[in-house]
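Let me begin by presenting the structure, written as structure tokens, before commenting on it.
In UniProt numbering, the protein residues as written are 1 to 189.
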């Protein structure tokens, strides 16, 4: 634990802090309960002791059978999706997906985090700051009625940043790999 505290204090930029938090959540079996939101990604048998995480995880698996078993539940937030009517439900965040389950019509929506092009804080009734808009190339989703909009937004935004960073890093690694192969071919000929 001392090592974790030391490493946390050594991180100075926000990307490193976000990556540190993500790795801490993914590789420890600690569960955090923050105002009704279960935030965790346990990897060990002790995780079974954390009933709230296990219940949420089981509920998530039951609702979203199409999401691969390898996806770990990281966080979930109670909210409502604005369509023709307000669809009360819950957002579930995994390592690569944002999933919404509507309690009203028992409907589900799964969005790959890499497909999200913007995530923004929004207001309902032009002045109540309790909404988040998520945009993809094909649609805009307006979620409201968050009990703690800022915490929910930051959780989603940080996970999205991490996934985008992985995408950028993968791109650059691939680019540099092929560039080095090309350079090696020119040097060796």
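C-beta: ideal position from N, C-alpha, C; glycine also. Here the structure is a predicted model, which is why all the values come from computation and not from measurement.
Euclidean distance between Cα positions of residue i and residue j
{"i": "residue 156", "j": "residue 84", "result": "24 angstroms"}
{"i": "residue 86", "j": "residue 118", "result": "22 angstroms"}
{"i": "residue 158", "j": "residue 59", "result": "24 angstroms"}
{"i": "residue 65", "j": "residue 141", "result": "22 angstroms"}
{"i": "residue 120", "j": "residue 154", "result": "10 angstroms"}
{"i": "residue 82", "j": "residue 145", "result": "10 angstroms"}
{"i": "residue 123", "j": "residue 129", "result": "4 angstroms"}
{"i": "residue 161", "j": "residue 104", "result": "31 angstroms"}
{"i": "residue 133", "j": "residue 148", "result": "15 angstroms"}
{"i": "residue 127", "j": "residue 164", "result": "31 angstroms"}
Extent of the continuous beta strand (DSSP E) to which residue i belongs
{"i": "residue 105", "result": "Careful: residue 105 lies outside any beta strand (DSSP E) and carries neither H nor E."}
{"i": "residue 84", "result": "No beta strand (DSSP E) contains residue 84, which DSSP labels as neither H nor E."}
{"i": "residue 131", "result": "128-136"}
{"i": "residue 140", "result": "140-144"}
{"i": "residue 123", "result": "116-124"}
Proximity of residue i and residue j at Cβ, strictly below 8 angstroms
{"i": "residue 204", "j": "residue 111", "result": "With the chain covering only 1 through 189, there is no way to say anything about residue 204."}
{"i": "residue 53", "j": "residue 152", "result": "no"}
{"i": "residue 143", "j": "residue 131", "result": "yes"}
{"i": "residue 88", "j": "residue 80", "result": "yes"}
{"i": "residue 95", "j": "residue 71", "result": "yes"}
Whole-Å CB distance - residue i paired with residue j, under 8 angstroms assumed
{"i": "residue 115", "j": "residue 136", "result": "5 angstroms"}
{"i": "residue 56", "j": "residue 73", "result": "6 angstroms"}
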